[in-house]
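Inspection log for the structure reproduced underneath, given as structure tokens.
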Amino acid sequence: NAGVTQTPKFRVLKTGQSMTLLCAQDMNHEYMYWYRQDPGMGLRLIHYSVGEGTTAKGEVPDGYNVSRLKKQNFLLGLESAAPSQTSVYFCASSQQQGTQYFGPGTRLTVL
Amino acid sequence: QKEVEQDPGPLSVPEGAIVSLNCTYSNSAFQYFMWYRQYSRKGPELLMYTYSSGNKEDGRFTAQVDKSSKYISLFIRDSQPSDSATYLCAMRGIDPRYQLIWGAGTKLIIKP
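Chains A and B are the protein sequences, given in the same order. Using the working numbering, the first residue of the first sequence is number 1, and each one after it goes up by one. Using the working numbering, the first residue of the second sequence is number 112, and each one after it goes up by one.
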């Protein structure tokens, strides 16, 4: 039982490049979330999903897109990376509004 | 003004001390209160979960909610170096449409 996994763990991009972060959970959770964490800012919700095929905007959605084609996977895409998107990205999942279980994070640097 | 305020620290205390971590909030609709612990370069993990007002104890940890003052606390007794981490508070209302609102986290350092 791996819980929540994220790939990749680290990535360096140049401004304007695109990439996709993958989150997978094996707990059969309905809800999945993407957060970014910056120093002094805490966790900020980017997008979330309340079930397969659904997505919704969080607090800071601009510059990101998401997809939830399968219940166990939640993808976060950056179409044209900017230095302001340098951050640590965390995926989480939960059963409805219960406890959120987090992945280990992806450290992204945009040059 | 942020909905949830949390002193970022760092808070440095000697091993064995009682630690008090706090968050204040402005939204009186919040009913569920959580404390997460985050070790360096790891994802947050749930430590304590309380509903409405009152105290909840789990081993060396006690979570306290004072809704009249819009103030929550996490107490750690007999603190250990392994307790060194960042502690984040999070809270939400009863309506399941509402997402968690997070504090910025307090970095705690327990000195041996």
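All C-beta atoms, glycine included, are put in the ideal place defined by N, C-alpha and C. Note that the structure is predicted; figures quoted are calculated from it, not measured.
DSSP puts Val176/B in a beta bridge; with which residues?
DSSP, once it has assigned bridges, lists Gly165/B, Ile183/B as partnering Val176/B.
Cα-Cα separation, Ile183/B to Tyr136/B
Approximately 8 Å between the Cα atoms of the pair.
Do three or more CB pairs link the stretch 14-30 of chain A to the stretch 68-88 of chain A at distances below 8 Å?
In short, these stretches touch, since the Cβ pair count reaches three.
Continuous beta strand (DSSP E) stretch holding Ala128/B: start and end:
First-last for Ala128/B: undefined, no H or E at that position.
Helix, strand or coil, according to DSSP, for Asp189/B in the structure here?
Three-state result, Asp189/B: coil.
Is it true that the CB of Pro125/B sits closer than 9 Å to the CB of Lys222/B?
Yes, these two residues count as a Cβ contact at 9 Å.
Span of the beta strand (DSSP E), counted from its first residue to its last, around Ser94/A:
Run containing Ser94/A: 87-94, per the beta strand (DSSP E) assignment.
Mind listing which residues of the stretch 75-100 of chain A have their C-beta closer than 8 Å to chain B's C-betas, in chain order?
Along the stretch 75-100 of chain A, the positions whose C-beta sits under 8 Å from a C-beta of chain B are Phe90, Ala92, Gln96, Gln97, Thr99, Gln100, read in chain order.
Using 9 Å as the threshold, is the C-beta distance between Phe172/B and Leu185/B below it?
Yes.
With a threshold of 16 other CB atoms inside 10 Å of the CB of Leu45/A, please say whether the residue is buried or exposed.
Per the 10 Å Cβ criterion, buried.
In this structure, how does DSSP classify Asp206/B when only helix, strand and coil are distinguished?
Reduced to three states, the DSSP call for Asp206/B is coil.
Which residues, in order along the stretch 134-158 of chain B, keep a beta-carbon less than 9 Å from a beta-carbon of chain A?
Residues passing the 9 Å Cβ filter: Tyr143, Met145, Tyr147, Gln149, Arg152, Lys153, Gly154, Pro155, Glu156, Leu157.
Taking DSSP's pairing of strands, which residues face Leu158/B in a bridge?
Looking at the DSSP assignment, Leu158/B forms no beta bridge with any residue, so it has no partner.
Return the residue from the list Asp194/B, Ser139/B, Ser131/B that minimises the CA-CA distance to Lys181/B.
The residue with the shortest Cα to Cα distance from Lys181/B is Ser139/B.
Evaluate the contact criterion for the stretch 26-35 of chain A versus the stretch 87-102 of chain A: three or more CB pairs, one atom per stretch, below 8 Å.
Short answer: they touch.
8 Å Cβ cut-off: residues of chain B touching Gly53/A:
Here the premise fails: no neighbours, minimum Cβ distance about 18 Å.
With a threshold of 9 Å between beta carbons, is Gly214/B in contact with chain A?
So yes, Gly214/B belongs to the interface.
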